[in-house]
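Undergrad: In the UniProt record's numbering, the protein residues as written are 1 to 640.
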Amino acid sequence: MGSNLKEILDNVCYPEILLSFLNDKEKQNFGSKKNAILEFYQQFACVGGDPVFSESLCKELQKKFFQQKCELGRIGRRNMNRRLNLDIPQNNTFLLPRDILAATDHLIGMKFGMGTLDDMNHLKNKRIRSVADLLQDQFGLALVRLEHVVRGTIYGAIRHKLIPTPHNLVTSTPLTTTYESFFGLHPLSQVLDRTNPLTQIVHARKLSYLGPGGLTGRTASFRIRDIHPSHYGRICPIDTSEGINVGLIGSLAIHARIGFWGSLESPFYQISERVTGLQLLFLSPSEDEYYMVSAVNSLALNQGIQEEQVVPARYRQEFLTIAWEQAHLRSIFPFQYFSIGASLIPFIEHNDANRALMSSNMQRQAVPLSKSEKCIVGTGLERQAALDSGVLAIVEHEGKIIYTDTDKIILSGNGDTHSIPLVLYQRSNKNTCMHQNPRIPGGKCIKKGQILADGAATVGGELALGKNVLVAYMPWEGYNFEDAVLISERLVYEDIYTSFHIRKYEIQTYVTSQGPERVTSEIPHLEAHLLRNLDKNGIVGLGSWVETGDILVGKLTPQMAKESSYAPEDRLLRAILGIQVSTSKETCLKLPIGGRGRVIDVRWIQKKGGSNYNPETIHIYILQKREIKVGDKVAGETWK
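Structure follows, in structure tokens:
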């Protein structure tokens, strides 16, 4: 591999031990460069017989291990240097013979009890692969495809004796198709869940072991799914998926962040007599294991704590009980170890872990109500959760409100006029209604950062997912047997648990072999009552109230009629004049069962050059008002 026996023995720490591992036959083979390469190739390629040495065989091994095919990357080089105590520059991101020799020394030391084994479940041996990393990989794949396209174009031009131009060589098709395939087919490419503001935050802070190059729900062991001490303050021990993916999909802790090298960092306050005030430190999993980290919450709240008090602490993945003066770091917040979903559960420290898990997941199922209400018992994080969700309208310039409407707010300040648009009956990905209501009337002076309008499931700038109702733990003539819940009729008649949902229906028009499809209001063989809401173009009118079975878009598809369906006179005319008579089939868009509501938006998307591949699309948005009914979930698991 380019190194002789003397060079190898000079660059290892245990040359005698290395030679003692080889028997007499292996020592004889190792004395020759050719024999060493043949022996390594035979073990690596698992080939039988006696291979013959050649320069191509040597180049194959060098290409496999010491060229661009075995690139470590910046993070791999950093981890290799730290684990093997090397001083190779960070810009050298490829595997070197020195790395192989250092790894050999480390394995020999491990054989004789020197050093420690790596814990593969420790977070210091893992890193976060962000969306940017995945896009970078896809970009490299697109460049490889572009290279093949350019080579093919050049060879074709040479074969036909043409001069290729840069415009003909470089095309954006490989890049476009690669990214479209990534966003459309990748297992980790998901549509943002926007059921309520909390769901938006939680979905964006998910950590997954799944996906290409990761684990699967059926092969992952219990040790990987279990909670590790290094998760402390970085990954929530409560909030995870239920079912086959339990422990494989976690949630980022409320104060954790992703460091430069892709590691999860958690904040701590440093405890030192030499440091005045509070010094905040963000430590990675490989750094905080060398400190005594106090886990008691009273340290973050009680500044006058006695020095002789005994506190629980964590040191080198072990939980200990130490004196206060021995602690190096302390937590900054009692909810530091939980995710944002678990941090919104009141009195979670007195709750069962399984109930808290189900409660954090059920909070994401709450739909925004028509009349939202602040919670009486909360944790204090409701306002911050609403701000981080992005559903609130925040003013960016101080000034005076001169006009307020349902769709916009006009603000005047510093000689300029700013128009702030508001979200008006917008459909989310989960069919819930996203709507903003102005909070401040006209004529008021506001400051920068003040809340102008509440969003869905927010009141006064705070998260409001449910209702404050009076609950009685008592039987009622058997109606609430076991897990059944009996509710008052006021919850239905007074719209206390009423919500709005927006459903989208779409239909496309194509150009068939018999002719183009037509959107029209003249649909034969249909009752006029079903066509009452259509305009002259054959599309339902804006603001119409539609019921089940009503026609939303009238469409006729041309088709050739069967010969047996013609009358004798028609067959005679066709035979004399040679006319091909075509009929049309009704292919209208009908409102399905349970879709009654009010039409709030109609969009007709027409593309230039209509063809089979560019059809016209019509979208119909219907607003539905849903009251609570039998079978709906009225509460999570916390209330039990």
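From the three backbone atoms N, C-alpha and C, an ideal C-beta is built for every residue, glycine too.
#1: Hey, would you say Ser-241 sits closer than 7 angstroms to Ile-249, going by beta carbons?
#2: Considering only residues of the same chain and omitting the five flanking positions on each side of Thr-404, which have a CB-CB separation below 7 angstroms?
#3: Would you list the residues sitting across from Tyr-519 in a DSSP beta bridge?
#4: Measure the beta-carbon distance from Asp-535 to Gly-541 and round it to whole angstroms, keeping in mind my assumption that it falls under 8 angstroms.
#5: Find the nearest neighbour of Ile-620 within the set Ser-584, Glu-569, Gln-559 and Trp-545, judged by alpha-carbon distance.
#6: Pick helix, strand or coil for Ile-238, following the three-state DSSP scheme.
#7: Have a look at His-435 and Leu-424 and give me their C-alpha separation to the nearest angstrom.
#8: Could you tell me the alpha carbon to alpha carbon distance between residue 646 and Asp-239, rounded to whole angstroms?
#9: Got a sec? Which residues, its chain only, sit under 7 angstroms from Phe-319 by beta carbon, not counting five neighbours each side?
#10: Would you say Ala-142 reaches chain D, if we count a Cβ-Cβ gap shorter than 7 angstroms as a contact?
#11: Does the beta-carbon distance from Cys-236 to Ser-359 come in below 7 angstroms?
#12: Please name the residue, chosen from Leu-95, Glu-287 and Tyr-269, that lies closest to Gln-279 on a Cα-to-Cα basis.
#13: Can you tell me where the beta strand (DSSP E) holding Ile-271 begins and where it ends?
#14: Give the single residue among Leu-95, Gly-538, Leu-107 and Gly-211 whose Cα lies nearest to the Cα of Arg-129.
#15: Pull up the distance between the alpha-carbon of Glu-289 and that of Ala-353, whole angstroms please.
#16: From the DSSP output, which residues share a beta bridge with Arg-532?
#17: Kindly indicate which three-state DSSP category Trp-324 falls into: helix, strand or coil?
#18: Helix, strand or coil: how does DSSP classify Val-395 here?
#19: Of all the alpha helix (DSSP H) runs that stay within the bounds of the stretch 358 to 420, which reach a length of 4 or more residues?
#20: Just confirm the distance between the C-beta atoms of Pro-174 and Ala-142, as a whole number of angstroms; I'd bet it's less than 8 angstroms.
#21: Which residue comes first and which comes last in the beta strand (DSSP E) that contains Thr-617?
#22: Can you find the residues in the same chain that come closer than 8 angstroms, C-beta to C-beta, to Gly-214, ignoring five residues on each side of it along the sequence?
#23: Specify, as a first and last residue, the run of the alpha helix (DSSP H) that Glu-506 falls within.
#24: Classify Gly-89 as buried or exposed, calling it buried when 16 or more other Cβ atoms lie within 10 Å of its own Cβ.
#25: Compare the beta carbon distance of Ser-372 and Pro-285 with 7 angstroms and say whether it is the shorter of the two.
#26: Could you check whether Val-391 and Pro-197 sit closer than 7 angstroms to each other, using their CB atoms as the reference points?
#27: Quick one: what's got a C-beta closer than 7 angstroms to Ala-464's C-beta in the same chain, skipping five residues either side?
#28: Just to confirm before moving on: does the CB-CB distance between Arg-383 and Glu-265 stay below 7 angstroms?
#29: Rank Leu-572, Thr-512 and Leu-577 by C-alpha distance to the C-alpha of Met-560 and give the top, closest one.
#30: Near Ala-295, which residues of its chain fall below 7 angstroms by C-beta distance, leaving aside the five closest residues on each side in sequence?
#31: Given a cut-off of 7 angstroms on the beta-carbon distance, is the pair Ile-502 and Leu-589 in contact?
#32: DSSP three-state label for Pro-89, please.
#33: Suppose contacts are defined by Cβ-Cβ distances below 7 angstroms. Is Ser-251 in contact with Arg-205 by that definition?
#34: Do Ile-539 and Val-602 have their C-beta atoms closer together than 7 angstroms?
#35: Could you tell me the alpha carbon to alpha carbon distance between Thr-216 and Val-246, rounded to whole angstroms?
#36: Compute every distance between the C-beta of Gly-455 and the non-hydrogen atoms of the ligand MN, then say whether any falls below 6 angstroms.
TA: If we stick to the structure as given:
#1: yes
#2: Pro-438, Pro-441 and Gly-442
#3: One detail in the question is off: residue 519 reads as Val in this sequence, not Tyr. DSSP, once it has assigned bridges, lists Lys-555 as partnering Val-519.
#4: 5 angstroms
#5: Trp-545
#6: coil
#7: 5 angstroms
#8: Because the chain in this structure spans residues 1 to 640, residue 646 falls outside the shown range and cannot be described.
#9: Pro-312
#10: Among the chains in the structure shown there is no chain D, since it carries only a single protein chain.
#11: no
#12: Tyr-269
#13: Neither: Ile-271 is in no beta strand (DSSP E) and is coded neither H nor E.
#14: Gly-211
#15: 26 angstroms
#16: Its beta-bridge partners do not exist; DSSP assigns none.
#17: helix
#18: coil
#19: 382 to 389
#20: 5 angstroms
#21: 616 to 626
#22: Ser-208
#23: Unbroken run through Glu-506 is the beta strand (DSSP E), 499 to 509; no alpha helix (DSSP H).
#24: This sequence places Pro at residue 89; Gly is not what is there. By the 10 Å Cβ count, Pro-89 comes out exposed.
#25: no
#26: yes
#27: Ser-372, Glu-373, Lys-374, Cys-375, Ala-457 and Thr-458
#28: no
#29: Thr-512
#30: Pro-312, Ala-313, Arg-314 and Ser-331
#31: no
#32: coil
#33: yes
#34: yes
#35: 11 angstroms
#36: In the structure shown, the ligand MN is absent, as is every other ligand, since no ligand is present at all.
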